[in-house]
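Its first residue numbered 117, the sequence shown is counted upward by one per residue in my numbering.
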Amino acid sequence: MDLSTIIAGVRFPSCFMNASGALCVTREELLALGRSRAGAIVTKSMTMEPRDGNPTPRYYGFPGGSINSMGLPNLGYKAYAALIPELKTLGKPVIASVAGLCEDDFPTIAAIINAAKPDLIEVNLSCPNIPGEPQIGYDAEASERLLKRVRKVITVPMGVKLPPYFDPAHQTVMGEVIGRCGVDFLNLVNSVGNGLVVDPEREAVVIKPKGGFGGLGGTIIKPVALANVRAFWKVFEGRMPIIGTGGVVNGVDAFEHLLCGASAVQIGTVLVEEGVDVFSRLETELAALLSKASS
């Protein structure tokens with residue numbers, strides 16, 4: 117079955133891809149994604165300088181999900197700019213995910229990455245795991261100011277990765293911001309920030325950074341992700357391509373995202389747990405589900 121999709125005019129051979137952050141930091145990890153059944157290669161969200169990230173343990177899987185406080189470990193934008201031409205030879209779209217530790221970082225990184233000609237650029241306004249730094253995506257004014265600066269230096273399709281919103285008023289306001297900034301697609305949502313998981317046997321939190329607080333992912337956040345996908349689909353009346361991210365561990369989960377308005381889905385927790393072979397399983401499950409639905 118054809119599971120291809122089109123986002124912002126770019127054709128993806130499959131609607132499944134990795135979420136930025138999951139097995140996409142190093143050259144080897146990115147090449148493995150390129151050789152897999154993934155529909156795209158999504159880079160780790162990159163910063164000005166290379167980062168080791170937060171101290172370990174910083175990721176913990178539990179029944180129903182995961183918690184992490186990775187702290188944006190990445191090779192730095194110059195390394196990813198150099199890798200993009202090689203990644204593009206693998207025959208699938210490359211999405212470069214741009215982050216930053218301050219507002220001025222974003223346009224600087226975006227300009228250099230744009231020159232490397234990825235197929236799309238994702239602006240990450242939603243990393244919840246930098247100690248002491250707020251998520252830009254929860255500040256509508258700062259988000260608009262930043263996106264307008266970045267849009268000026270990006271010539272490829274530009275998307276925005278947003279944090280989860282829990283109030284319709286916030287979704288409406290951010291929708292208005294997105295509409296004024298020339299955004300071509302949305303990625304909804306990043307991990308649900310400020311979660312806490314405790315090990316009762318050890319009487320301690322399970323990750324080290326930030327006193328154990330971190331971003332939640334996996335099945336536990338699927339209802340939040342679906343709600344945001346549907347809400348923004350309605351805000352834009354179906355005219356904004358949306359990548360659904362959060363809680364996809366099987367074909368049914370992916371189908372639910374598509375039903376809510378997503379054009380593609382990204383996976384994180386299940387990719388970390390199963391590796392790149394998971395893409396084949398998810399494709400098989402979704403294809404079977406779609407065949408049954410159409411019969």
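A virtual CB, placed ideally from N, CA and C, is assigned to each residue, including glycine.
K277 vs N230 beta-carbon contact at 8 Å: no
Segment contact flag, the segment 161–170 with the segment 211–227, C-beta cutoff 8 Å, min 3 pairs: yes
Under the three-state DSSP convention, the category R167 falls into: strand
When S259, G298, E202 are compared against K233, the one with the closest alpha-carbon: E202
Nearest-angstrom Cα separation, counted from T159 out to P189: 12 Å
Alpha helix (DSSP H) segments (min. 4 residues) lying fully within the segment 135–184: 143–151
Assumed close pair F329, L342 - CB separation to whole angstroms, cut-off 8 Å: Not really, about 24 Å apart at Cβ, beyond 8 Å.
Per DSSP, cross-strand counterpart(s) of K268: In DSSP, K268 forms no bridge with anything.
Buried versus exposed call for M117 [16 or more other C-beta atoms within 10 Å across all chains shown]: exposed
According to DSSP, residues forming a beta bridge with E238: S213, G275
Alpha-carbon to alpha-carbon, Y254 and P279: 8 Å
CB of N303 within 8 Å of CB of E238, strictly: yes
Pairwise C-alpha distance: L236 and K408: 33 Å
Test item: CB-CB of R143 and P325 under 8 Å: no
Burial state of G181, where buried means 16 or more other Cβ atoms lie within 10 Å: buried
K208, buried or exposed, once every other Cβ within 10 Å from all chains shown has been counted against 16: buried
Cα-Cα separation between A148 and I359, rounded to whole angstroms: 21 Å
Residue(s) in a DSSP beta bridge with L332: I183, V308
For S259 and E292, the rounded distance between their alpha carbons: 11 Å
Reduced DSSP category for A232 - H, G, I as helix; E, B as strand; rest coil: coil
Sub-8 Å separation of L332 and A138 beta-carbons: no
Top-ranked residue by Cα proximity to G272, from V126, V345, E257, T121: First, the residue type needs correcting, since residue 272 is Val and not Gly in the sequence shown. The residue with the shortest Cα to Cα distance from V272 is V126.
L92 versus I225 - alpha carbon distance: Since the first and last residues shown for the chain are 117 and 411, residue 92 lies out of range.
Contact set for E389: own chain, Cβ-Cβ below 7 Å, skip 5 residues either direction: G177
Cutoff 6 Å; reference S152; Cβ partners in own chain excluding five residues on either side: V392, F395
Span of the beta strand (DSSP E) around R127: 126–128
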